[in-house]
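> Residue numbers for the sequence shown follow my numbering, beginning at 1049 and rising by one.
Each residue gets a CB set at the ideal place from its N, CA and C atoms; glycine is no exception.
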Amino acid sequence: MFKKFFGQFNKGLGIDLGTTKTIVYQQDRGIVVSESSVVAVNIRTDQILAVGDEAMKMVGKTPPHIVATIPLDNGIISDFEITEKMLKYFMDRVAAGRIALAVKPKVVVGIPLDITEVEKKAVEDAVLSAGASQVFLVENIMAAAIGARIPIQDPSGNMIVNLGGGLTEIAVISLDGIVNWKSSRVAGLTLDKDIIRFARDEFNLVLGEIVAEDIKKKIGSALELTEPLTMQMRGRDIISGLPKEFDVNDSQIRVAIFKSIQHILDTIKATLETTPPELVADIYQKGIILTGGLALLKNFDKFIAQGIEIPVHVADDPQTCTIRGLGVTIDDEHLLKDIIIPSSQ
Ligand SMILES: Nc1ncnc2c1ncn2[C@@H]1O[C@H](COP(=O)(O)OP(=O)(O)OP(=O)(O)O)[C@@H](O)[C@H]1O
Ligand SMILES: [Mg+2]
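#1: Under the rule that 16 or more other beta-carbon atoms within 10 Å means buried, what is P1119, buried or exposed?
#2: H1113 and I1091 look like a contact to me (Cβ under 8 Å); what is the Cβ gap, rounded to whole Å?
#3: Would you tell me roughly how many angstroms separate the C-alpha atoms of F1246 and A1304, rounded to the nearest one?
#4: Measure the C-alpha to C-alpha separation of E1250 and N1347 and round it to an integer number of angstroms.
#5: Please list the terminal residues of the continuous alpha helix (DSSP H) segment that includes H1113.
#6: Per DSSP, what kind of secondary structure is S1377 in: helix, strand or coil?
#7: What is the rounded straight-line gap between the Cα of L1447 and the Cα of G1341?
#8: Please say whether G1158 and L1065 have beta carbons closer to each other than 8 Å?
#9: Give every residue whose Cβ lies closer than 5 Å to any heavy atom of ligand 1, listed in chain order.
#10: Cβ-heavy atom distance between T1370 and ligand 2 below 7 Å?
#11: Any idea what DSSP makes of M1281, helix, strand or coil?
#12: Apply the 10 Å Cβ neighbour rule to N1297 and answer buried if 16 or more other Cβ atoms are within range, or exposed otherwise.
#13: According to DSSP, which residues form a beta bridge with G1123?
#14: Any C-beta of chain B sitting closer than 8 Å to the C-beta of S1177?
#15: Would the beta-carbon of D1064 be found less than 7 Å away from any heavy atom of ligand 2?
#16: Taking the beta carbon of D1242 as the centre, do at least 16 other beta carbons fall within 10 Å, making it buried, or is it exposed?
#17: Do you know how far the Cα of V1151 is from the Cα of F1294?
#18: Rounded to a whole number of angstroms, what is the C-alpha to C-alpha distance between A1191 and A1219?
#19: So what's V1171 in DSSP terms, helix, strand or just coil?
#20: Helix or strand or just coil, what does DSSP make of Q1354?
#21: Can you give the Cα-Cα distance for L1149 and K1059, rounded to whole angstroms?
#22: Secondary structure at D1317, three-state DSSP: helix, strand or coil?
#23: Do you know offhand how far V1166's Cα is from A1116's?
#24: Look at A1196 and A1318 and say whether their C-beta atoms are less than 8 Å apart.
#25: From the DSSP output, in three-state form, read off N1297 for me.
#26: Give me, in chain order, the residues of the same chain whose beta-carbon lies closer than 7 Å to that of M1049; leave out the 5 immediate sequence neighbours on both sides.
#27: Using the C-alpha atoms, what's the distance from T1068 back to V1171?
#28: With a Cβ-Cβ cutoff of 8 Å, do A1103 and T1131 count as a contact?
#29: For my contact list, D1386 and S1204 are in at a C-beta cut-off of 8 Å; report their separation, rounded to the angstrom.
#30: Does Q1075 come out as helix, strand or coil in the three-state DSSP assignment?
#31: Kindly list the residues whose CB is nearer than 6 Å to the CB of G1375, restricted to its own chain and excluding five residues on each side of it in sequence; keep chain order.
#32: Helix or strand or just coil, what does DSSP make of Q1393?
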């Protein structure tokens, strides 16, 4: 029935417009785009040189007239024009060679919890001008919960923490609705900045953002590891300006990121403290679910479980929960109707 609603000749699209990653789901096909949310622009000519992973490769390596722009800031569109062009590029690529997609697709797109009407309208406008016939808004955290197969329809408290690149969102969901939530801008990118600061303060070393993220993913952890990890950290010496390398270990990175992960834990605690007791009882019993890319930080689940004394589970493939949930809503009209956010128009 809903396939008819989305159009028989046209496949609906789901878009997870993340601070670090943009993922597109096409009805009946699955994930068709999963790339960095980056656009490289030649500011002399205003020409777009690369979008997505191609543009990401240019970060930190561009001459002054080329700028690699991240058009989203903590989950919110900060550069409308570039966001629209990035979306158009991805949507055109999905449509390429498919006569069916000569018809504009209907799109379900995720939005953060803490968003103003103006920011919401910017998302709708960007998706429409990128080539959608109609836009439906769904909260990212709801989509993530659906993607993580959390029984959100049940009359019982479900707590989900989505640990993204630019946002940490925490929600308690019951009967298809968000009962309580908190959001923080301390997320994956904050940890990268912590590592950059650590390298500068401890070693007089200037690190690139990509190197810092790589260190976080490879040896970053929230609690001590059974096997210690070490890697080389390459950067530029602040004083000499020359390239330099140092060995860095998991324990140093743990210290560097501690304040940020403690802040995330405190935000989870604060959400529990303001949740109705009946729902807290359910959460104690079921545990909380982590989604988003930062849920892959080693031992982050154990760190949170120790801090709140509630079991913590990482969802399967946490980084794709949001887009898989958006995909589910395209195929389930009733579910979409239950969770849709009214349009700003
Ligand atoms: N193995 C890993 N260990 C630690 N962090 C990781 C790992 N894999 C991915 N990440 C981090 O996850 C973050 C991206 O997660 P995700 O794709 O869920 O965010 P996003 O949707 O782009 O951003 P947001 O939802 O905040 O707008 C990045 O900061 C990335 O470095
Ligand atoms: Mg996200």
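By the coordinates alone:
#1: As a working note, residue 1119 is residue 71 in the sequence shown. Result: buried.
#2: On the sequence shown, position 65 is the one that residue 1113 refers to. On the sequence shown, position 43 is the one that residue 1091 refers to. Their Cβ separation, rounded to whole angstroms, is 6 Å, which keeps H1113 and I1091 in contact under 8 Å.
#3: Within the sequence shown, numbered from 1, the residue matching residue 1246 stands at position 198. Within the sequence shown, numbered from 1, the residue matching residue 1304 stands at position 256. A1304 has its alpha-carbon roughly 6 Å from the corresponding atom of F1246.
#4: Counting from one through the sequence shown, the residue named residue 1250 turns up at place 202. Counting from one through the sequence shown, the residue named residue 1347 turns up at place 299. When only Cα atoms are considered, E1250 and N1347 end up about 25 Å apart.
#5: Within the sequence shown, residue 1113 is the residue found at index 65, counting from 1. Looking at the DSSP string, H1113 is not in any alpha helix (DSSP H), and its letter there is neither H nor E.
#6: Within the sequence shown, numbered from 1, the residue matching residue 1377 stands at position 329. Correcting the residue identity first, residue 1377 is Thr in this sequence and not Ser. Here T1377 sits in helix by DSSP.
#7: With the chain covering 1049 to 1393 only, the question about residue 1447 has no answer from this structure.
#8: Along the sequence shown, one-based indexing puts residue 1065 at 17. Along the sequence shown, one-based indexing puts residue 1158 at 110. L1065 places its beta carbon less than 8 Å from that of G1158.
#9: Cβ atoms closer than 5 Å to ligand 1 belong to G1066, T1067, T1068, K1069, G1123, G1212, G1213, G1214, L1215, G1236, E1261, K1265, G1340, G1341, L1342, L1344, L1345, Q1367.
#10: The sequence position of residue 1370 within the sequence shown is 322, counting from 1. The answer is yes for T1370.
#11: As a working mapping, residue 1281 is identified with position 233 in the sequence shown. DSSP places M1281 in strand when its eight states are reduced to three.
#12: Counted from its first residue, the sequence shown places residue 1297 at position 249. So N1297 ends up on the exposed side.
#13: Locating residue 1123 in the sequence shown gives position 75, counting from the first residue. Its beta-bridge partners do not exist; DSSP assigns none.
#14: Included in the structure is just one protein chain, with no chain B present.
#15: On the sequence shown, residue 1064 is found 16 positions in, with the first residue counted as 1. Answer for D1064: yes, Cβ within range of ligand 2.
#16: Walking along the sequence shown from the start, residue 1242 turns up at place 194. D1242 should be labelled buried.
#17: Residue numbering aside, residue 1294 sits at position 246 when the sequence shown is read from its first letter. Residue numbering aside, residue 1151 sits at position 103 when the sequence shown is read from its first letter. One alpha carbon belongs to F1294, the other to V1151, and they sit about 55 Å apart.
#18: In the sequence shown, the residue the question calls residue 1191 occupies position 143. In the sequence shown, the residue the question calls residue 1219 occupies position 171. Computed Cα separation, rounded: 12 Å.
#19: Residue 1171 sits at position 123 when you count from the first residue of the sequence shown. V1171 sits in a helix when the DSSP states are folded into three classes.
#20: By one-based count along the sequence shown, residue 1354 stands at place 306. Secondary structure of Q1354 (DSSP, three-state): helix.
#21: Within the sequence shown, the letter at position 101 stands for residue 1149. Within the sequence shown, the letter at position 11 stands for residue 1059. In this prediction, L1149 has a pLDDT of 49, which is less than 50 and means its spatial position is unreliable; what the coordinates show is noted afterwards. Straight-line measurement puts the Cα of K1059 at about 7 Å from the Cα of L1149.
#22: Position 269 of the sequence shown, counted from the start, is the residue given in the question as residue 1317. Just to set this straight, residue 1317 is Lys in the shown sequence, not Asp. Helix, per DSSP.
#23: Walking along the sequence shown from the start, residue 1166 turns up at place 118. Walking along the sequence shown from the start, residue 1116 turns up at place 68. One alpha carbon belongs to V1166, the other to A1116, and they sit about 25 Å apart.
#24: Position 148 of the sequence shown, counted from the first residue, corresponds to residue 1196. Position 270 of the sequence shown, counted from the first residue, corresponds to residue 1318. Against a cut-off of 8 Å, the Cβ pair of A1318 and A1196 comes out as no contact.
#25: Counting from one through the sequence shown, the residue named residue 1297 turns up at place 249. In this structure, N1297 counts as strand in the three-state DSSP scheme.
#26: Start at 1 with the first residue of the sequence shown, and residue 1049 comes out as number 1. Its pLDDT being 46, under 50, M1049 is placed unreliably by the model, and the measurement read from it follows with that caveat. Take M1049, set aside five residues on each side of it, and the residues of its chain with a beta-carbon closer than 7 Å to its own are E1381, in chain order.
#27: One-based indexing of the sequence shown puts residue 1171 at position 123. One-based indexing of the sequence shown puts residue 1068 at position 20. For V1171 and T1068, the distance between alpha carbons rounds to 16 Å.
#28: Your numbering for residue 1103 matches position 55 in the sequence shown. Your numbering for residue 1131 matches position 83 in the sequence shown. In this structure, T1131 does not lie closer than 8 Å to A1103 by Cβ.
#29: Walking along the sequence shown from the start, residue 1386 turns up at place 338. Walking along the sequence shown from the start, residue 1204 turns up at place 156. Beta-carbon to beta-carbon, D1386 and S1204 are separated by about 16 Å, too far to satisfy the 8 Å threshold.
#30: Position 27 of the sequence shown, counted from the first residue, corresponds to residue 1075. The answer is coil: DSSP assigns Q1075 none of H, G, I, E or B.
#31: Counted from its first residue, the sequence shown places residue 1375 at position 327. Once the five neighbours on either side are set aside, the close Cβ partners of G1375 are G1062, Y1073.
#32: Start at 1 with the first residue of the sequence shown, and residue 1393 comes out as number 345. Secondary structure of Q1393 (DSSP, three-state): coil.
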